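The block underneath contains the structure these notes are about, expressed in structure tokens.
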Amino acid sequence: DAKTTQPNSMESNEEEPVHLPCNHSTISGTDYIHWYRQLPSQGPEYVIHGLTSNVNNRMASLAIAEDRKSSTLILHRATLRDAAVYYCILREHGDSGTYKYIFGTGTRLKVLA
Amino acid sequence: NAGVMQNPRHLVRRRGQEARLRCSPMKGHSHVYWYRQLPEEGLKFMVYLQKENIIDESGMPKERFSAEFPKEGPSILRIQQVVRGDSAAYFCASSPGTAFSGNTIYFGEGSWLTVV
Numbered sequence: 001d002a003k004t005t006q007p008n009s010m011e012s013n014e015e016e017p018v019h020l021p022c023n024h025s026t027i028s029g030t031d032y033i034h035w036y037r038q039l040p041s042q043g044p045e046y047v048i049h050g051l052t053s054n055v056n057n058r059m060a061s062l063a064i065a066e067d068r069k070s071s072t073l074i075l076h077r078a079t080l081r082d083a084a085v086y087y088c089i090l091r092e093h094g095d096s097g098t099y100k101y102i103f104g105t106g107t108r109l110k111v112l113a
Numbered sequence: 114n115a116g117v118m119q120n121p122r123h124l125v126r127r128r129g130q131e132a133r134l135r136c137s138p139m140k141g142h143s144h145v146y147w148y149r150q151l152p153e154e155g156l157k158f159m160v161y162l163q164k165e166n167i168i169d170e171s172g173m174p175k176e177r178f179s180a181e182f183p184k185e186g187p188s189i190l191r192i193q194q195v196v197r198g199d200s201a202a203y204f205c206a207s208s209p210g211t212a213f214s215g216n217t218i219y220f221g222e223g224s225w226l227t228v229v
């Protein structure tokens, strides 16, 4: 099972900031937090990832709590093209000493014009 | 989507036929993952492969499904004797490795299988 929990859905008005929360209370000290999004009929798209410090890139910002048990993806100005399912993911330890990425149910973001 | 190539994009098969889905990872990536997404559901991990090795197949159905990643050529996800319940989108992802948690995996556009 996924090690992260997210709200099932959120709404935002166009041109307004959006804060997408994620809880990962069992995160280990070396786990990066990854965010992906999936637009309808497309493959998941990498958004951002981070370890401890807040991270910024051209798509979004990632705010990581000091205890690392939660994080927030921030879209500074939502557009209609940002309507998607957003996934917060930790790498999970799998069989044979390897790792894999398990997706949870994600947050479906609806952007209102 | 960052260079992971999947084909075919759409595939229609009759019940009982075989489906072969191909995935070419990004240049320089030696790790491939396959995921399945049923309609209106999330992505489910199926299998993780490195060149010539299956590393983790804990998400693969026990029968009819197999995957390979040969030394040369793309990774193949093979579904034998397809049934209607196999209709789904199959996504491939690749990464340079997993030793480092900060490695990002990049997804292809997916292959949509329809079983009629």
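These protein sequences, in sequence, are chains A and B. Residue numbers for the first sequence follow my numbering, so the first one is 1 and each next one is one higher. Residue numbers for the second sequence follow my numbering, so the first one is 114 and each next one is one higher. Note that beta-carbon positions come from the ideal geometry of N, C-alpha and C, so glycine has one too. Computed from a predicted structure; not experimentally measured.
Considering only their Cβ atoms, is the gap separating residue j from residue i smaller than 7 Å?
i, j, result
"L151/B", "S224/B", "no"
"A84/A", "Q38/A", "yes"
"Y46/A", "Y36/A", "yes"
"V111/A", "A78/A", "yes"
"S200/B", "H142/B", "no"
"S9/A", "R108/A", "yes"
"T105/A", "G155/B", "yes"
"I192/B", "F182/B", "no"
Can you round the beta-carbon distance between residue i and residue j to whole angstroms, since I take them to be within the 8 Å contact cut?
i, j, result
"A63/A", "N57/A", "Contact flag wrong, Cβ pair sits at about 13 Å."
"T72/A", "H19/A", "5 Å"
"P44/A", "Y87/A", "7 Å"
"E165/B", "K184/B", "5 Å"
"M100/A", "F158/B", "The amino acid occupying residue 100/A in the given sequence is Lys; Met does not appear at that position. Contact flag correct, Cβ pair sits at about 6 Å."
"I48/A", "L90/A", "Actually they do not touch by this definition, with Cβ atoms about 14 Å apart."
Three-state secondary structure (DSSP) at residue i?
i, result
"D169/B", "strand"
"G210/B", "coil"
"L51/A", "coil"
"R197/B", "helix"
"L80/A", "helix"
"Q130/B", "coil"
"A202/B", "strand"
"M139/B", "coil"
"Y36/A", "strand"
"K157/B", "strand"
"I102/A", "coil"
"A63/A", "strand"
"A180/B", "strand"
"T227/B", "strand"
"S12/A", "strand"
"N57/A", "coil"
"Q42/A", "coil"
"Q119/B", "strand"
Cutting at 7 Å between CB atoms, please list the residues of its own chain near residue i, excluding the five before and the five after it.
i, result
"N114/B", "The predicted position of N114/B is uncertain, since its pLDDT is 45 and thus under 50; a value taken from the coordinates is nonetheless stated next. If we look at N114/B and ignore the five residues flanking it on each side, its Cβ neighbours are Y219, F220, G221 and E222."
"L190/B", "L134, W147, A180 and Y203"
"V229/B", "V125 and R127"
"N13/A", "L112"
Determine the burial state of residue i: buried for a count of at least 16 other Cβ atoms within 10 Å of its Cβ, exposed for fewer.
i, result
"G50/A", "buried"
"L226/B", "buried"
"S188/B", "buried"
"A206/B", "buried"
"G198/B", "exposed"
"H76/A", "exposed"
"H24/A", "buried"
"S70/A", "buried"
"A65/A", "exposed"
"Q194/B", "exposed"
"P138/B", "buried"
"R149/B", "buried"
Apart from the five residues on each side of it in sequence, which residues of its chain come closer than 8 Å, Cβ to Cβ, to residue i?
i, result
"I74/A", "P17, V18, H19, L20, A60, S61, L62 and A63"
"G210/B", "S143, H144 and N216"
Starting from the C-beta of residue i, find all residues in its chain whose C-beta is less than 6 Å away, skip the five residues before and the five after it, and write them out in chain order.
i, result
"D169/B", "Y161"
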